[in-house]
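Colleague:
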Amino acid sequence: MAGFTAKDVMALREQTGAGMMDCKKALIDADGDMDKAADILRERGIAKAAKRASKIAAEGVVYALVEGKKGVLIEVNCESDFVAKGDRFRALVETVAKQALKTNAKTVEELLASDLGGKSVDTFIQEETGVIGEKISVRRFTVYESKGFVETYIHMGGTMGVMLDFDCAENAETKELAHNVALHTAFAKPGYMVAADVPAEVVEKEKAIMKQEVINEGKPEAIAEKIVLGKVKKFYEENCLLEQKFVKDDKITVAQLIAETAKKVGANVSLKAFCFFVMGQGLEKKSEDLSEEVAKQVESMKK
Numbered sequence: 154m155a156g157f158t159a160k161d162v163m164a165l166r167e168q169t170g171a172g173m174m175d176c177k178k179a180l181i182d183a184d185g186d187m188d189k190a191a192d193i194l195r196e197r198g199i200a201k202a203a204k205r206a207s208k209i210a211a212e213g214v215v216y217a218l219v220e221g222k223k224g225v226l227i228e229v230n231c232e233s234d235f236v237a238k239g240d241r242f243r244a245l246v247e248t249v250a251k252q253a254l255k256t257n258a259k260t261v262e263e264l265l266a267s268d269l270g271g272k273s274v275d276t277f278i279q280e281e282t283g284v285i286g287e288k289i290s291v292r293r294f295t296v297y298e299s300k301g302f303v304e305t306y307i308h309m310g311g312t313m314g315v316m317l318d319f320d321c322a323e324n325a326e327t328k329e330l331a332h333n334v335a336l337h338t339a340f341a342k343p344g345y346m347v348a349a350d351v352p353a354e355v356v357e358k359e360k361a362i363m364k365q366e367v368i369n370e371g372k373p374e375a376i377a378e379k380i381v382l383g384k385v386k387k388f389y390e391e392n393c394l395l396e397q398k399f400v401k402d403d404k405i406t407v408a409q410l411i412a413e414t415a416k417k418v419g420a421n422v423s424l425k426a427f428c429f430f431v432m433g434q435g436l437e438k439k440s441e442d443l444s445e446e447v448a449k450q451v452e453s454m455k456k
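Add 153 to the 1-based position in the sequence shown for my numbering, that's all there is to it.
1. Can you tell me whether G383 is helix, strand or coil according to DSSP?
2. How big is the Cα-Cα spacing for E232 and L317?
3. Quick check: the Cα distance between D161 and E167, rounded to an integer number of angstroms?
4. Would you mind listing the beta strand (DSSP E) stretches within the segment 291-358 that are 3+ residues and don't spill past its ends, in chain order?
5. For the alpha helix (DSSP H) containing T260, name the first residue and the last one.
6. Less than 8 Å separating the beta-carbons of K255 and D320?
7. With a floor of 3 residues, list each beta strand (DSSP E) that falls wholly inside the segment 216-278, ordered by position along the chain.
8. Taking the C-alpha atoms as reference points, what is the distance between G301 and A253?
9. Assign D275 to one of two classes, buried (16 or more other C-beta atoms within 10 Å of its C-beta) or exposed (fewer than that).
10. Give the straight-line distance between the Cα atoms of N324 and K223, rounded to the nearest whole angstrom.
11. Distance, Cα to Cα, R457 vs N230?
12. What's the call for E390, buried or exposed, on a 16-neighbour Cβ count within 10 Å?
13. Taking 8 Å as the threshold, find out whether the segment 413-429 comes into contact with the segment 297-316 through three or more Cβ pairs.
14. Whose C-alpha, out of N369, V215, V367, G221, is nearest the C-alpha of G433?
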């Protein structure tokens, strides 16, 4: 690159929050002058996002889209609930979701770098950020390409989303089953499909905690071992989707519910995969500039 390096492009991106290609073009137009390039980005409205770079995008939506046998569950974040409910933000989310289905992107980085009508998804989001006025970020997404059909469920306008991949024919009975399992998943929030999916280190950690808990209750170590076996079984029943008691009928498990449907339709019915996102889970909900914090502290001292 004449006049500047790849590191300069990265530095300008970090400084302004603009997309990689926008930073490269600005540096070309500025003959490699970093300050001038930053000004160019501001003039073009692209660097408006940079002022938001320190903000935490902890609002947003979980959105699902199914096209044929392919489905996507995606979480896109913004800064305020007001923007999250806006038509422009919702349109952006739908556009990115369609792109996730169209491409073979496996990661957020690959999705952001993919071509969206002559520009990258990252550039598209940066441009929309400049218009909307809030930091917008694609947090995560999952795509299923099913041999049967994909079922989705979005709770309360996007506060939570579930996606299921059923390997069976799509009919009234299996669609009803899928809907019920999706509702159950949203309610029970399983971490795994079956006991075999739970990592050994997770099981060992749970066992150690359970054993210490039993010993603290005054039980001898030999008896504690047997009690822990029962507790591990309960752990699986509470955390593995197919082993959980069905939320609408706790006399049967989800696996038994699926088996009953298979018997009704006279064909194999199996759940191949599931995922669910809770919007903003694990994200800090509040971020304030130092000046705002100080102002609030001073104000509180006056009271």
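Every residue gets a Cβ at the ideal spot worked out from N, C-alpha and C, and that includes glycine.
Modeller: For this structure:
1. Residue mapping note: residue 383 aligns to position 230 of the sequence shown, counting from 1. G383 falls in the helix class under three-state DSSP.
2. Within the sequence shown, numbered from 1, the residue matching residue 232 stands at position 79. Within the sequence shown, numbered from 1, the residue matching residue 317 stands at position 164. Looking at the two C-alpha atoms, the distance is approximately 29 Å.
3. Position 8 of the sequence shown, counting from 1, holds the residue named residue 161. Position 14 of the sequence shown, counting from 1, holds the residue named residue 167. Roughly 10 Å between the two C-alpha positions.
4. 302-308, 313-320
5. Along the sequence shown, one-based indexing puts residue 260 at 107. Element bounds for T260: n/a, residue is neither H nor E.
6. For the purposes of this step, residue 255 is taken as residue 102 along the sequence shown, with counting starting at 1. For the purposes of this step, residue 320 is taken as residue 167 along the sequence shown, with counting starting at 1. No, the Cβ-Cβ distance between K255 and D320 is not below 8 Å.
7. 223-231
8. The count along the sequence shown starts at 1 and reaches residue 301 at position 148. The count along the sequence shown starts at 1 and reaches residue 253 at position 100. Cα to Cα, G301 sits roughly 20 Å from A253.
9. In the sequence shown, the residue the question calls residue 275 occupies position 122. Buried.
10. Translated into the one-based positions of the sequence shown, residue 324 becomes position 171. Translated into the one-based positions of the sequence shown, residue 223 becomes position 70. The straight-line gap from Cα to Cα measures roughly 17 Å.
11. The structure shown does not extend to residue 457, since the chain spans only 154 to 456, so no value can be given for it.
12. The count along the sequence shown starts at 1 and reaches residue 390 at position 237. So E390 counts as exposed.
13. yes
14. If you number the sequence shown from 1, residue 433 lands on position 280. Minimum Cα distance to G433 is reached at V215.
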